[in-house]
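Chain order of the listed sequences is A and B.
Per our numbering, residue 84 is the first one in the first sequence, and the count goes up by one each step.
Per our numbering, residue 144 is the first one in the second sequence, and the count goes up by one each step.
Input: a single structure, listed below in structure tokens.
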Amino acid sequence: MSAVTPVAPVPVAPTTALRARRGRRKTAGRIGVNAVALVVFGLMVFPVYWMVSTAFKPGRDILTYTPTWFPVHATLSNFSDAIHRAYFWRDVGNSLIIVAMVVALSLVVGFLAALAIAKFDFYGRKAFIVLMIGIQMIPLSALIIPLYILMSRVGQVNKLSGVIITYMTFVLPFTVWTLRGFLMGVPKELEEAAMVDGSTRFGAFARILLPLVAPGIVATSIFAFIQAWNEFIIAYVFLNSPQHQTLTIWLASFTSLRGTDWGPLMAGATLTALPVVAFFVLVQRKIAFGLTAGAVRG
Amino acid sequence: MAEIQFLDVSKEYGGTVAVRDLTLTVGEGEFVVLVGPSGCGKTTALRMVAGLEEISVGEIRIGNRVVNDLPPRERDVAMVFQNYALYPHKNVYENLVFGLRMRRVPKAAQKARVEEIARILGLQDMLRRKPAQLSGGQRQRVAMGRAIVREPKAFLMDEPLSNLDAKLRGQMRAEIARIQQTLAVTTLYVTHDQVEAMTMGNRVAVMRDGLLQQIDTPQQLYDAPRNLFVASFVGSPPMNLLEAEVVREGTGLVCRSGETEIELPHDVVATRPELEARAGQRVVVGIRPESVVESGSGASIRGRVLLVEALGAEQLVHLDVPATPLSRQDLVDAAAQPAAPGLGTDQPGRSTTILGRFDRNALLRPGEVAEIFVDPHELHFFDLETGAALERAAAPVAELAR
Numbered sequence: 084m085s086a087v088t089p090v091a092p093v094p095v096a097p098t099t100a101l102r103a104r105r106g107r108r109k110t111a112g113r114i115g116v117n118a119v120a121l122v123v124f125g126l127m128v129f130p131v132y133w134m135v136s137t138a139f140k141p142g143r144d145i146l147t148y149t150p151t152w153f154p155v156h157a158t159l160s161n162f163s164d165a166i167h168r169a170y171f172w173r174d175v176g177n178s179l180i181i182v183a184m185v186v187a188l189s190l191v192v193g194f195l196a197a198l199a200i201a202k203f204d205f206y207g208r209k210a211f212i213v214l215m216i217g218i219q220m221i222p223l224s225a226l227i228i229p230l231y232i233l234m235s236r237v238g239q240v241n242k243l244s245g246v247i248i249t250y251m252t253f254v255l256p257f258t259v260w261t262l263r264g265f266l267m268g269v270p271k272e273l274e275e276a277a278m279v280d281g282s283t284r285f286g287a288f289a290r291i292l293l294p295l296v297a298p299g300i301v302a303t304s305i306f307a308f309i310q311a312w313n314e315f316i317i318a319y320v321f322l323n324s325p326q327h328q329t330l331t332i333w334l335a336s337f338t339s340l341r342g343t344d345w346g347p348l349m350a351g352a353t354l355t356a357l358p359v360v361a362f363f364v365l366v367q368r369k370i371a372f373g374l375t376a377g378a379v380r381g
Numbered sequence: 144m145a146e147i148q149f150l151d152v153s154k155e156y157g158g159t160v161a162v163r164d165l166t167l168t169v170g171e172g173e174f175v176v177l178v179g180p181s182g183c184g185k186t187t188a189l190r191m192v193a194g195l196e197e198i199s200v201g202e203i204r205i206g207n208r209v210v211n212d213l214p215p216r217e218r219d220v221a222m223v224f225q226n227y228a229l230y231p232h233k234n235v236y237e238n239l240v241f242g243l244r245m246r247r248v249p250k251a252a253q254k255a256r257v258e259e260i261a262r263i264l265g266l267q268d269m270l271r272r273k274p275a276q277l278s279g280g281q282r283q284r285v286a287m288g289r290a291i292v293r294e295p296k297a298f299l300m301d302e303p304l305s306n307l308d309a310k311l312r313g314q315m316r317a318e319i320a321r322i323q324q325t326l327a328v329t330t331l332y333v334t335h336d337q338v339e340a341m342t343m344g345n346r347v348a349v350m351r352d353g354l355l356q357q358i359d360t361p362q363q364l365y366d367a368p369r370n371l372f373v374a375s376f377v378g379s380p381p382m383n384l385l386e387a388e389v390v391r392e393g394t395g396l397v398c399r400s401g402e403t404e405i406e407l408p409h410d411v412v413a414t415r416p417e418l419e420a421r422a423g424q425r426v427v428v429g430i431r432p433e434s435v436v437e438s439g440s441g442a443s444i445r446g447r448v449l450l451v452e453a454l455g456a457e458q459l460v461h462l463d464v465p466a467t468p469l470s471r472q473d474l475v476d477a478a479a480q481p482a483a484p485g486l487g488t489d490q491p492g493r494s495t496t497i498l499g500r501f502d503r504n505a506l507l508r509p510g511e512v513a514e515i516f517v518d519p520h521e522l523h524f525f526d527l528e529t530g531a532a533l534e535r536a537a538a539p540v541a542e543l544a545r
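As structure tokens, this is what we get:
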């Protein structure tokens, strides 16, 4: 016994020390990762915070050399100023029309197109897919002038319909691509089983396929919503009369030759952001599920 | 219930033929298994019955009605898919009731029927669960239930057990066979597993490259395979195959394969009259592993023991014997071919490995030379060119002559 006792701790001691060292290294690593995450979070959230807080500040608190971090003398005057500006409600209406049309059209057309390239074999399918992704690579600014010329030839400049069609050109590829991933994740046996069970082809589609790709439809509708609601350049170039403008253009009108009216601008921006935030909060559970499911399947 | 008939059915996919001139009848209440290696056209044949695949040439009838142009829902068959194809967003009850809803069965009847099936299959406590919350065996059962619940004219099953582990597969095999017997529903079952085919089917149809090789009862397939492919495909472990020359010695015939000789008694030759004409030619000799015995009558063969696999009740012994291996590997099932034909043998090409199924008490050790016996009555003979089995006389000719 006495010979064993001094020997025993020898193999134990280094392993405990090693484990402790490893544990410390792991903790340090975790702190580092969390610190980076915090910095990124701060960078992303601060502009939003600054927008909202500025919207509530009275004019004298906005343009000062010592920044006021919190809206101490909170006021709603910026908001009432913004709302009572010319064309506000009209442009809200325009934006809503555009968004509703883009979301609805891109879902219907996108879903059918995705169905075609996911489930049917036809000549040129691969080329079509590559082309769709390839076109996404072209920067939007390079397309504006050709698109403008095209639209003016068919009489679609300064019309909401022209903007809707143009938005579709860059919303659709994403919609088709994402929904294709979701559709490919649904084994064809499910539809076949439904058909053998007594469904028509359309019945199998409506009862089996559609509910299964619902998360994908939610995800793409959010994308289409955000794209169409926030878009600026195309709307700015295509819509030149104030009656036909969207909210983003209306926001730009706060900046004039005499300078920028920061308080009302920030109030207007906050109001503009609200629908997107509301829509997102409403369906965020589904988009989180939808995006991961799409990634794994697609 | 109804008969399923294939009449000269072919299926082409842009140039390649998946099924060629298939003529086959599944009788009322019969359980027929389509078996073959992957890509042999068995699943395509099944899907043509379901209406999920168009028929290029020929006719398929279900209960005397030509169904070629009917959509799947009008054929009144039920199908069990390899991956079960349970609707993931519906719970077990909704999965089971789907077919009844589609057929507009009254609500009360739907409920009663689903509950009855759930009771039979032991699924009562799982009716509210989604497929993702079930084990593999339970999913399999739901898939079966979905087929049974509708009381269709026929069951079509596409490798329904291949996603289960070995133990569960054995269990479900018996369960499906029992359900089929109880309901006596015409069943066409597809599998690549010859054990499944042999144990479940009333009759088994062996397919290769889109062609039906043989359809027979399991025992008949095993005892009298019509060609080399069926011989090598059916049976586990597979039949031993050697190339041999039929030589006339005195008044009798001898099979000579390398240095190994098997004398063919008169009654063996009498049951295979073709052998006489083959004197001086090369044929393929097939020996089932259980026909190789440690002691007894028959031809003796000397070989070196390469490996002994003890299975508890029996032993599988690999022996290297000085006999000519089969040169026409294209005629046999790929899975039955030796992976490394020359491995462990003394002279590759001139000696071959044969497998014997021995009693648990056989005392054979790797490395030693052993003498084994083969009963010539249990040999199978095949044409080396075509792989066709040499025809057997219906009754022993010697007896008729007497």
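Note that beta-carbon positions come from the ideal geometry of N, C-alpha and C, so glycine has one too.
What you are looking at is a predicted structure, and each value in this text was computed from that prediction instead of being measured.
Which of helix, strand or coil DSSP assigns to residue i
{"i": "Met144/B", "result": "coil"}
{"i": "Tyr319/A", "result": "helix"}
{"i": "Ile497/B", "result": "strand"}
{"i": "Ile198/B", "result": "coil"}
{"i": "Asp164/B", "result": "strand"}
{"i": "Lys109/A", "result": "helix"}
{"i": "Met350/B", "result": "strand"}
{"i": "Val296/A", "result": "coil"}
{"i": "Phe376/B", "result": "helix"}
{"i": "Arg321/B", "result": "helix"}
{"i": "Lys140/A", "result": "coil"}
{"i": "Ser438/B", "result": "coil"}
{"i": "Ile212/A", "result": "helix"}
{"i": "Ser282/A", "result": "coil"}
{"i": "Lys233/B", "result": "coil"}
Pairwise C-alpha distance: residue j and residue i
{"i": "Ile212/A", "j": "Ser163/A", "result": "49 Å"}
{"i": "Arg204/B", "j": "Thr168/B", "result": "9 Å"}
{"i": "Ala532/B", "j": "Thr495/B", "result": "21 Å"}
{"i": "Gly313/B", "j": "Arg282/B", "result": "16 Å"}
{"i": "Glu388/B", "j": "Ser400/B", "result": "6 Å"}
{"i": "Asn345/B", "j": "Glu272/A", "result": "28 Å"}
{"i": "His135/B", "j": "Ala276/A", "result": "Not covered by the structure: residue 135/B. The range shown for chain B is 144 to 545."}
{"i": "Glu146/B", "j": "Leu454/B", "result": "42 Å"}
{"i": "Val451/B", "j": "Ala317/B", "result": "31 Å"}
{"i": "Phe362/A", "j": "Ile305/A", "result": "8 Å"}
{"i": "Met350/B", "j": "Arg293/B", "result": "30 Å"}
{"i": "Ala261/B", "j": "Asn234/B", "result": "13 Å"}
{"i": "Leu357/A", "j": "Asn323/A", "result": "25 Å"}
Own chain residues within Cβ distance below 7 Å of residue i, not counting five before or after
{"i": "Thr334/B", "result": "Val176, Val178, Glu302 and Ala340"}
{"i": "Val412/B", "result": "Leu396, Leu418 and Glu419"}
{"i": "Arg163/B", "result": "Ser153, Gly353 and Leu354"}
Spatially closest choice to residue i from the options, by CA coordinates
{"i": "Leu188/A", "options": "Leu126/A, Lys242/A, Ala311/A and Phe288/A", "result": "Ala311/A"}
{"i": "Ala505/B", "options": "Leu355/B, Val436/B, Gln281/B and Tyr332/B", "result": "Val436/B"}
{"i": "Glu259/B", "options": "Arg208/B, Tyr236/B and Gly280/B", "result": "Tyr236/B"}
{"i": "Gln267/B", "options": "Lys254/B, Ala275/B and Ile358/B", "result": "Lys254/B"}
{"i": "Ile291/A", "options": "Glu217/B, Ala228/B, Ile198/B and Pro509/B", "result": "Ala228/B"}
{"i": "Val512/B", "options": "Val285/B, Arg321/B and Leu462/B", "result": "Leu462/B"}
{"i": "Pro295/B", "options": "Leu469/B, Asp526/B, Val220/B and Val240/B", "result": "Val220/B"}
{"i": "Gly170/B", "options": "Leu331/B, Met287/B and Ala367/B", "result": "Leu331/B"}
{"i": "Pro361/B", "options": "Gln337/B, Ser375/B, Leu384/B and Asn383/B", "result": "Gln337/B"}
Residues near residue i by beta carbon distance below 8 Å, same chain, minus five either side
{"i": "Leu307/B", "result": "Gly279, Gly280, Gln283 and Met315"}
{"i": "Gln225/B", "result": "Asp301, Glu302, Pro303, Ser305 and Asn306"}
{"i": "Ser434/B", "result": "Val517, Asp518, Glu521 and Leu522"}
{"i": "Gly172/B", "result": "Met144, Ala327, Val328 and Thr329"}
{"i": "Asn313/A", "result": "Thr331 and Val359"}
Residue i burial status per 10 Å Cβ neighbour count (16 or more: buried)
{"i": "Gly441/B", "result": "buried"}
{"i": "Trp333/A", "result": "buried"}
{"i": "Pro381/B", "result": "buried"}
{"i": "Asp151/B", "result": "exposed"}
{"i": "Thr159/B", "result": "exposed"}
Cβ-based neighbour list, residue i, same chain, cut-off 6 Å, excluding 5 preceding and 5 following
{"i": "Gly530/B", "result": "Asn370, Leu371 and Leu474"}
{"i": "Ala161/B", "result": "Lys154, Gly184, Thr187 and Gly353"}
{"i": "Lys273/B", "result": "Asn234"}
The region 280 to 294 of chain A: positions lying closer than 9 Å to chain C by Cβ
Here chain C cannot be found, since the structure's protein chains are A and B.
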